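**Student:** Residue numbers (our numbering): 1047 to 1210.
Backbone N, C-alpha and C fix where the C-beta goes; we use that ideal spot for every residue, glycine too.
All of these numbers come straight from a predicted model, not from anything done at the bench.
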């Protein structure tokens, strides 16, 4: 097969048509600071899609019990990650699913005493919405009960009249 020739007469590599759902060049989104290499790296649509796929794969590993380890291993700072969650609904959706998977594993480990149940109980609100609601309600009740109430003290002086 002949290689295509450009206008200058120089043979060039064949140009392939991009697949409609997988373009050859991914759209640049922003540069972010990679905490592993300590350099700026481009974030593209393809890299965000890979991040989502890798996040879900990480969550499904039996040894995955702390979500933050995923971000640390990839060199992604939490502020960058929060920005991506706000900007890309797919990242937020996969994040919620991954945290739920890890949270379910942690809860089971607490029930089976493979992990300290007190620790699990105190940290589950970070992994599960129902636990978060329960945690927030407990905190609200605790704050309500901790508010100082008005205390009035009465005592009698020597003449017998009450003073406050």
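#1: Go ahead and pull the three-state DSSP assignment for residue 1077.
#2: Rounded to a whole number of angstroms, what is the C-alpha to C-alpha distance between residue 1073 and residue 1084?
#3: Are the CB atoms of residue 1173 and residue 1146 nearer to each other than 8 Å?
#4: Measuring from the CB of residue 1083, is there a heavy atom of the ligand HEM at a distance below 7 Å?
#5: Which of helix, strand or coil does DSSP assign to residue 1083?
#6: Let me make sure I understand the geometry here. Which of 1163, 1124, 1170 has the alpha-carbon closest to that of residue 1080?
#7: Quick one: give me the first and last residue of the alpha helix (DSSP H) that residue 1093 is part of.
#8: Out of 1095, 1182, 1186, 1152, which has the shortest C-alpha to C-alpha gap to residue 1139?
#9: Pull the bridge partners of residue 1088 from the DSSP assignment, please.
#10: Rounded to whole angstroms, what is the Cα-Cα separation between residue 1086 and residue 1169?
**Tutor:** A quick look at the data gives this:
#1: Mapped onto the chain shown, residue 1077 falls at position 31. Three-state result, residue 1077: strand.
#2: As a working mapping, residue 1073 is identified with position 27 in the chain shown. As a working mapping, residue 1084 is identified with position 38 in the chain shown. Going from the Cα of residue 1073 to the Cα of residue 1084 covers about 23 Å.
#3: Position 127 of the chain shown, counting from 1, holds the residue named residue 1173. Position 100 of the chain shown, counting from 1, holds the residue named residue 1146. Going by C-beta atoms, residue 1173 is nearer than 8 Å to residue 1146.
#4: Of the ligands one can find in the structure shown there are none, so the ligand HEM has no counterpart to examine.
#5: Along the chain shown, one-based indexing puts residue 1083 at 37. Three-state DSSP puts residue 1083 in coil, outside helix and strand.
#6: Here the question's residue 1080 lines up with position 34 in the chain shown. Selected option, being the one with the closest Cα: 1124.
#7: Indexing the chain shown from 1 puts residue 1093 at position 47. First-last of the alpha helix (DSSP H) with residue 1093: 1091 to 1105.
#8: Along the chain shown, read from residue 1 onward, the residue named residue 1139 stands at position 93. Closest by alpha carbon: 1095.
#9: The residue labelled residue 1088 in the question sits at position 42 within the chain shown. DSSP, once it has assigned bridges, lists 1077 as partnering residue 1088.
#10: By 1-based counting over the chain shown, the position of residue 1086 is 40. By 1-based counting over the chain shown, the position of residue 1169 is 123. Computed Cα separation, rounded: 33 Å.
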